[in-house]
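Here's the structure we're looking at; comments come further down.
Residue numbers (the UniProt record's numbering), protein chains in the order written: chain A, 1 to 118; chain B, 1 to 118.
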C-alpha cells in the first residue's frame with residue numbers, strides 16, 4: 001500500500017549497501033513532472049504518475065514493466081539517460097511502463113568466498 | 001578474456017572483475033544440450049542452440065532478448081533457476097530467446113571515491 005511519508009534513502013533496507021535511484025519524467029527529454037524512486041514501485045499511479053515520457057537512471061540497474069505489479073513486458077534500465085520510449089525498447093509493442101523494481105545483483109563470488117571457478 | 005587464476009572475493013572491489021555466468025538448456029527442467037555463456041551472445045544459433053528451454057543463472061544479472069543482436073522483447077535473468085519459459089516472462093507474447101548480454105551494474109556510490117560495497 002502507498003504510504004504518505006517517505007523513509008529517507010539512507011534508512012531504507014537495501015539489498016546491498018549502495019542505493020538505487022531512478023527518476024521518472026512524465027514528458028520526453030526529462031521535462032514535466034518527475035518522481036524519484038529508490039526502491040520497488042508496483043504502481044506508478046500511486047504517485048500520480050500517469051505517463052512515463054523519459055527516464056534518468058542515477059544508479060541501477062532497474063527493470064520496468066508494462067503492467068502494474070511487475071507484470072507484462074520488461075524493460076531493462078541501466079545507469080544513463082532514456083529521453084524517449086524508443087530508447088528503452090525496440091520491440092514497439094508497448095510504450096507503457098507501469099511498475100519498477102531494482103534488479104538483484106548476485107554474483108557467484110559474492111556468496112562463495114574463495115571458491116575457484118572453472 | 002577469461003583468466004585461470006581467480007582473485008579471492010575478499011580482495012575483489014570492482015564489479016568488472018567478477019565473472020558472469022549463465023547456462024542455457026535446450027529443454028525444460030535443465031535437460032538436453034546446454035551451453036554456458038560468460039559474456040554477450042548476439043545470436044545463440046552461433047553455438048548451435050536452436051531453442052531455449054530452461055536457464056540457470058550462476059552469476060548475473062543478464063538480459064535475454066527475443067531477437068538476435070539484442071533486439072525485441074527483453075527478459076531479465078537474475079541469479080537463480082528458470083525451469084520453463086513462463087518462469088522468465090508472464091507477457092505471453094513470445095517464448096523465444098535469441099540473444100543475451102550481462103547487465104551493467106553502476107551505482108551512484110561506485111563512482112564516488114573510497115566507497116566500498118559490503
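Even glycine gets a Cβ: it sits at the ideal position worked out from N, Cα and C. Just so we're clear, the structure is a prediction, and the values are computed from it rather than from any experiment.
- Message: Would residue 61(B) pass as an interface residue toward chain A - the criterion being a Cβ-Cβ separation below 9 Å?
- Response: The residue given as residue 61(B) occupies position 61 in the second chain. Judged by the 9 Å Cβ criterion, residue 61(B) is in contact with chain A.
- Query: How many angstroms separate the CA atom of residue 21(B) from the CA atom of residue 54(A)?
  - Reply: If you number the second chain from 1, residue 21(B) lands on position 21. If you number the first chain from 1, residue 54(A) lands on position 54. About 32 Å.
- Query: From residue 97(B) to residue 40(B), what does the alpha carbon distance come to, in whole angstroms?
  - Reply: In the second chain, counting from the first residue as 1, residue 97(B) sits at position 97. In the second chain, counting from the first residue as 1, residue 40(B) sits at position 40. Distance between the alpha carbons of residue 97(B) and residue 40(B) is about 13 Å.
- Query: From the DSSP output, which residues share a beta bridge with residue 102(B)?
  - Reply: Here residue 102(B) corresponds to residue number 102 of the second chain, with the count starting at 1. Bridge partners of residue 102(B): 62(B).
- Item | Buried/exposed call for residue 115(B), threshold 16 Cβ in 10 Å | The residue labelled residue 115(B) in the question sits at position 115 within the second chain. Reliability of the predicted coordinates at residue 115(B) is poor, the pLDDT of 39 falling under 50, and no value is obtained from them.
- Is residue 54(A) helix, strand or coil when you go by DSSP? The residue labelled residue 54(A) in the question sits at position 54 within the first chain. Strand.
- Task: Determine the chain A residues that contact residue 39(B) at a beta-carbon separation under 9 Å, and present them in chain order.
- Result: Sequence index remark: in the second chain, residue 39(B) carries index 39 (1-based). The premise fails here: residue 39(B) is roughly 14 Å from chain A at the closest Cβ pair, so nothing lies under 9 Å.
- CB-CB length for residue 60(A) against residue 78(A), believed under 8 Å: Here residue 60(A) corresponds to residue number 60 of the first chain, with the count starting at 1. Here residue 78(A) corresponds to residue number 78 of the first chain, with the count starting at 1. 5 Å between Cβ atoms; contact.
- Do residue 58(A) and residue 23(A) have their C-beta atoms closer together than 9 Å? What you label residue 58(A) is simply residue 58 of the first chain in a count that begins at 1. What you label residue 23(A) is simply residue 23 of the first chain in a count that begins at 1. The answer is yes: Cβ separation under 9 Å.
- Message: Among 56(B), 104(B), 71(B), whose alpha-carbon lies nearest the alpha-carbon of residue 27(B)?
- Response: As a position in the second chain, residue 27(B) is number 27, starting the count at 1. Among 56(B), 104(B), 71(B), the Cα nearest to that of residue 27(B) is on 56(B).
- Query: Expressed to the nearest angstrom, what Euclidean distance is found between the alpha-carbon atoms of residue 106(A) and residue 19(B)?
  - Reply: As a working mapping, residue 106(A) is identified with position 106 in the first chain. As a working mapping, residue 19(B) is identified with position 19 in the second chain. If you take the alpha carbons of residue 106(A) and residue 19(B), they lie about 11 Å apart.
- Query: Excluding five sequence neighbours on each side, which residues of the same chain lie with their C-beta closer than 6 Å to the C-beta of residue 81(A)?
  - Reply: Along the first chain, one-based indexing puts residue 81(A) at 81. Excluding sequence neighbours, residue 81(A) sits near 56.
- Below 9 Å between beta carbons: does that hold for residue 37(A) and residue 62(A)? If you number the first chain from 1, residue 37(A) lands on position 37. If you number the first chain from 1, residue 62(A) lands on position 62. It is a contact, given that the beta carbons lie within the stated cut-off.
- At a Cβ threshold of 9 Å, is residue 84(A) touching chain B? Looking up residue 84(A) in the first chain gives position 84. Not closer than 9 Å to any Cβ of chain B, the Cβ of residue 84(A) fails to qualify, so no.
- Query: Checking contacts by CB at 9 Å: is residue 155(A) closer than that to chain B?
  - Reply: It is not possible to answer for residue 155(A), since the shown part of chain A is limited to 1 through 118.
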